[in-house]
Amino acid sequence: MSNDNQNIRAAHYPLADAIPTQQLDAELAQLEAVQQKPFFSRIYGYMKLGGPGFIGAGFTLGAGSITSAMISGVVYGYKTMWVAWFSMAVGLFMIAATLRLATKAGQLVPLQNKYHHFLVGSVLTALGGVAIPSAIWTWGQFSLAGNLFESLTPYFGFNFPRQYNWTVIWATTSWMTLMYGRKDSKGTQIVENFMKAAIALMVIGFAFSVVKVGVNWGEFFKGNFIPWIPSGGEGLDLVLASGAAACGVVDWFLFHYTSLSRGWGSRHEGLGRMDMIFGLGLPFIIVNWLVIIVFAQTLGASHAPVPENATELAAAFAPLLGSKFGAIFFYLAFLAVPVTSIVGLNIVCAIGIFEAFGWKPDVKSLRWKLCALIPSTGFLAVWTSRPLWLVIAVTAFVSLTNNFAAWSIFLLVNNRAALKNNVVQNYFWNLGMMIAICSVNAAAIVYVFNRIGIFG
Amino acid sequence: MKILENKYGPFSGRLWGLFLNFVANAVAIHGAIKFMIHGQSPIEMVVGIGITIAVCMVLAVPDSLE
Chain X
22 MSNDNQNIRA AHYPLADAIP TQQLDAELAQ LEAVQQKPFF SRIYGYMKLG
72 GPGFIGAGFT LGAGSITSAM ISGVVYGYKT MWVAWFSMAV GLFMIAATLR
122 LATKAGQLVP LQNKYHHFLV GSVLTALGGV AIPSAIWTWG QFSLAGNLFE
172 SLTPYFGFNF PRQYNWTVIW ATTSWMTLMY GRKDSKGTQI VENFMKAAIA
222 LMVIGFAFSV VKVGVNWGEF FKGNFIPWIP SGGEGLDLVL ASGAAACGVV
272 DWFLFHYTSL SRGWGSRHEG LGRMDMIFGL GLPFIIVNWL VIIVFAQTLG
322 ASHAPVPENA TELAAAFAPL LGSKFGAIFF YLAFLAVPVT SIVGLNIVCA
372 IGIFEAFGWK PDVKSLRWKL CALIPSTGFL AVWTSRPLWL VIAVTAFVSL
422 TNNFAAWSIF LLVNNRAALK NNVVQNYFWN LGMMIAICSV NAAAIVYVFN
472 RIGIFG
Chain U
316 MKILENKYGP FSGRLWGLFL NFVANAVAIH GAIKFMIHGQ SPIEMVVGIG
366 ITIAVCMVLA VPDSLE
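Order-wise, the sequence lines are chains X and U. The first sequence lines up with residues 22 to 477 when you count with our numbering. The second sequence lines up with residues 316 to 381 when you count with our numbering.
#1: If you check the beta carbons only, do V444/X and D378/U fall under 8 Å apart?
#2: Any beta carbon of chain B sitting closer than 8 Å to that of I318/U?
#3: Does the stretch 141 to 150 of chain X come into contact with the stretch 371 to 378 of chain X, if we say contact requires no fewer than three beta-carbon pairs (one atom in each stretch) closer than 8 Å?
#4: Could you tell me the alpha carbon to alpha carbon distance between Q51/X and A336/X, rounded to whole angstroms?
#5: Return the Cβ separation of G74/X and G300/X in integer angstroms, given the expectation that the two are a contact with Cβ distance under 8 Å.
#6: Helix or strand or just coil, what does DSSP make of F75/X?
#7: Within this structure, are the beta carbons of F215/X and W187/X separated by less than 8 Å?
#8: Distance cutoff 8 Å, beta carbons only. Does Y448/X sit that close to anything in chain U?
#9: Measuring only the C-alpha atoms, how far is I368/U from V361/U?
#10: At the 8 Å Cβ level, is P377/U part of the contact set with chain X, yes or no?
#11: Is it true that the stretch 353 to 361 of chain X meets the stretch 164 to 173 of chain X, where meeting means three or more beta-carbon pairs spaced less than 8 Å apart?
#12: Should A344/U be flagged as near chain X, meaning a C-beta pair shorter than 8 Å?
#13: At the 8 Å Cβ level, is I358/U part of the contact set with chain X, yes or no?
#14: Use the C-beta contact count for H137/X: other C-beta atoms within 10 angstroms, 16 or more gives buried, fewer gives exposed.
#15: Select from T88/X, K345/X, G343/X and N367/X the residue whose C-alpha is nearest the C-alpha of P396/X.
#16: Would you kindly work out how many angstroms separate the C-alpha atoms of L36/X and V111/X, rounded to a whole number?
#17: Using a Cβ-Cβ cut-off of 7 Å (strictly less than) and excluding sequence neighbours within five positions of I220/X, which residues of its own chain qualify?
#18: Starting from L132/X, follow the alpha helix (DSSP H) in both directions and report where the run begins and ends.
#19: Am I right that A105/X and W310/X are in contact with their C-beta atoms under 8 Å? What's the rounded C-beta distance?
#20: Got a sec: which bits of the stretch 327 to 339 of chain U sit with their beta carbon under 8 Å from any beta carbon on chain X, in order along the chain?
#21: Could you work out which residues of chain X lie near A369/U, taking near to mean beta carbons separated by less than 8 Å?
#22: What residue does the alpha helix (DSSP H) around G291/X start on, and which one ends it?
#23: In the DSSP output, which residue or residues are listed as bridge partners for K322/U?
#24: Between F114/X and chain U, is there a C-beta pair that is closer than 8 Å?
#25: One question on the structure: do N423/X and V270/X come within less than 8 Å of each other, judged by their Cβ atoms?
#26: Does any residue of chain U bring its CB to less than 8 Å from the CB of V444/X?
#27: Within the 8 Å Cβ cut-off, does I348/U reach chain X?
#28: Measuring alpha carbon to alpha carbon, tell me which of I475/X, A463/X, Y468/X and I473/X ends up nearest A341/U.
#29: Helix, strand or coil, according to DSSP, for H353/U in the structure here?
#30: Would you report the Cα separation of L169/X and N180/X, rounded to the nearest angstrom?
#31: Mind checking if L452/X is an interface residue toward chain U, Cβ cutoff 8 Å exclusive?
#32: How far does the alpha helix (DSSP H) with G343/X in it extend, from its first residue to its last?
#33: In three-state DSSP terms, what is L275/X?
#34: Hey, does N462/X have any beta-carbon neighbour from chain U nearer than 8 Å?
In structure tokens, the structure reads:
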């Protein structure tokens, strides 16, 4: 590797070998050209060059977060809309920190192990905070995907029950997962483009539904700018699940390692920041808003009893669109939600396990393939009926492990031994991270208080 | 701020600050529950929020600004 190449890649991560250095050079040149363009062309350019942010959005917009948004819309109307942008805004401070570590110092877990303790890095972050939850969360994703697929196919004139359609979901997501990081097939680029297309489908599909049902703009602005928290345990769990979806260790970890897998180094931090805003932040906020609006405007306004799960909510909502085309579009957009999450969870699970045990990632190895497909055992969920509150409770529980990772990341980006002159030098960035830390602390504290019955 | 980077026992000042912040967060939330749900005095909540704000403002001082 030449000196110039070494400057581009501050730290070597094996999955980045799939990206030729010439491509990284070309991306930097394109980035400079994009920065000179008018506002909207600039945003388009950032989206085109980005990638890890879209993988993050595809993962974050999953069964848990979308179900929480649906229920929030039905039960609380527009009142909890602020949770989406607030949790993402504070989460971005942490993601920017992991990006700083990726571009200036290298892999997160070895840094945590070196400067803190292997219990913090390998055990609580990589294994307990990332790999194990990833394997659990896919159950909810497969269950939702199977049910949605089953609900979609009658619109095309045939039935495809979830007991069988899981094979299509499993094959598609496994194929995407195993393609990631491959040198011989532009795998990383294909997975990133798949995520971009799926997110575009979500935004367009849900926006189409919003156009059909309309928006109460007064309530929209009130819901976004007047923070409101429901009273009672279940309501708080719902808000926590929505918040934890955007501000959690898996999001930070995934963005960090997909940035490293993209070969991003010192000079890519600016591109990474744009990617986290336009690839991850905006799609997450927009999709959450759209989902809350459509359910607040329809099932929420009707004051009907709340259906038990996301599939029933979707089934109750689809006919309200008034056309077969609208319902198909809605189901396709909704199906993209669990499918992209499964791919993200598979990838992050493999990375988490490899980092926990200090193994060198090799996407062609049997070990990598097995680790990447552990979460796909979630297909078993198509045979069981999972109550809505279980999905939300798992998400809320994982908020307990977020503290260790959040504290550790905050300490690392302020550690001169780890980052030398690249330590955070901006007071407001640190303050943003502290707000994120207070949020994950609060999520863990409320979760414990709720379980021990302090709310009464 | 040197106090944040120096070690006191096993941990740095910044990590001790994070522990204090966690406790302050718990006090604030416990106080908020007592005040808003059970109608008791808001003092515990105010103390918790006050310590949280103070600790956050101190911990946010970057190493380079010392």
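The beta-carbon is built from N, C-alpha and C at its ideal position, and this holds for glycine as well.
With the given structure in hand:
#1: Taking the first sequence and counting its residues from 1, the one referred to as residue 444/X is at position 423. Taking the second sequence and counting its residues from 1, the one referred to as residue 378/U is at position 63. For V444/X and D378/U, yes; Cβs fall inside 8 Å.
#2: Of the protein chains in the structure, X and U, none is chain B.
#3: yes
#4: Position 30 of the first sequence, counting from 1, holds the residue named residue 51/X. Position 315 of the first sequence, counting from 1, holds the residue named residue 336/X. Answer to the nearest angstrom: the Cα atoms are 45 Å apart.
#5: Numbered from its first residue, the first sequence carries residue 74/X at position 53. Numbered from its first residue, the first sequence carries residue 300/X at position 279. G74/X to G300/X, Cβ: 2 Å. Contact.
#6: Numbered from its first residue, the first sequence carries residue 75/X at position 54. Of the three classes helix, strand and coil, the one that applies to F75/X here is helix, per DSSP.
#7: Looking up residue 215/X in the first sequence gives position 194. Looking up residue 187/X in the first sequence gives position 166. Taking 8 Å as the Cβ cut-off, F215/X and W187/X do not qualify as a contacting pair.
#8: To locate residue 448/X, count along the first sequence from 1; it is residue 427. Yes, contact with chain U.
#9: Residue mapping note: residue 368/U aligns to position 53 of the second sequence, counting from 1. Residue mapping note: residue 361/U aligns to position 46 of the second sequence, counting from 1. The straight-line gap from Cα to Cα measures roughly 11 Å.
#10: To locate residue 377/U, count along the second sequence from 1; it is residue 62. Chain X contact via Cβ: present.
#11: yes
#12: Position 29 of the second sequence holds residue 344/U. With the sequence shown as reference, residue 344/U is identified as Ile, and Ala is not the correct amino acid for it. Chain X, which has a Cβ nearer than 8 Å to the Cβ of I344/U, makes this yes.
#13: For this step, residue 358/U is matched to residue 43 along the second sequence. It does not; no Cβ of chain X falls within 8 Å.
#14: Position 116 of the first sequence, counted from the first residue, corresponds to residue 137/X. H137/X should be labelled buried.
#15: On the first sequence, position 375 is the one that residue 396/X refers to. With distances taken between Cα atoms, P396/X lies closest to N367/X.
#16: Translated into positions along the first sequence, residue 36/X becomes position 15. Translated into positions along the first sequence, residue 111/X becomes position 90. Going by C-alpha positions, L36/X is about 29 Å away from V111/X.
#17: Position 199 of the first sequence, counted from the first residue, corresponds to residue 220/X. Contacts found: F75, A78, G79 and P304.
#18: As a working note, residue 132/X is residue 111 in the first sequence. Taken as a continuous stretch (DSSP letters only), the alpha helix (DSSP H) holding L132/X covers L129 to Y136.
#19: The count along the first sequence starts at 1 and reaches residue 105/X at position 84. The count along the first sequence starts at 1 and reaches residue 310/X at position 289. The pair is a contact, with the Cβ atoms about 6 Å apart (cut-off 8 Å).
#20: Interface annotation for the stretch 327 to 339 of chain U against chain X: S327, R329, L330, L333, N336 and F337, criterion Cβ-Cβ distance under 8 Å.
#21: Translated into the one-based positions of the second sequence, residue 369/U becomes position 54. Near A369/U there are no residues of chain X at all, since even the closest Cβ is about 11 Å away, more than 8 Å.
#22: In the first sequence, residue 291/X corresponds to position 270, counting from 1. That run of the alpha helix (DSSP H) goes E290 to M295.
#23: One-based indexing of the second sequence puts residue 322/U at position 7. Note: K322/U sits in a beta bridge opposite S327/U.
#24: The count along the first sequence starts at 1 and reaches residue 114/X at position 93. Chain U contact via Cβ: absent.
#25: Within the first sequence, the letter at position 402 stands for residue 423/X. Within the first sequence, the letter at position 249 stands for residue 270/X. Yes.
#26: The count along the first sequence starts at 1 and reaches residue 444/X at position 423. Answer yes: the Cβ-Cβ gap between V444/X and chain U drops below 8 Å somewhere.
#27: Here residue 348/U corresponds to residue number 33 of the second sequence, with the count starting at 1. The beta carbon of I348/U falls within 8 Å of a beta carbon belonging to chain X, placing the residue at that interface.
#28: Position 26 of the second sequence, counted from the start, is the residue given in the question as residue 341/U. Of I475/X, A463/X, Y468/X and I473/X, the residue nearest in Cα terms is A463/X.
#29: Position 38 of the second sequence, counted from the first residue, corresponds to residue 353/U. In this structure, H353/U counts as coil in the three-state DSSP scheme.
#30: Position 148 of the first sequence, counted from the start, is the residue given in the question as residue 169/X. Position 159 of the first sequence, counted from the start, is the residue given in the question as residue 180/X. Computed Cα separation, rounded: 12 Å.
#31: On the first sequence, residue 452/X is found 431 positions in, with the first residue counted as 1. L452/X counts as touching chain U.
#32: Locating residue 343/X in the first sequence gives position 322, where the first residue counts as 1. No alpha helix (DSSP H) contains G343/X, which DSSP labels as neither H nor E.
#33: Locating residue 275/X in the first sequence gives position 254, counting from the first residue. If DSSP states are grouped into helix, strand and coil, L275/X belongs with the helices.
#34: Here residue 462/X is taken as the residue at index 441 of the first sequence, counted from 1. Closer than 8 Å: yes.
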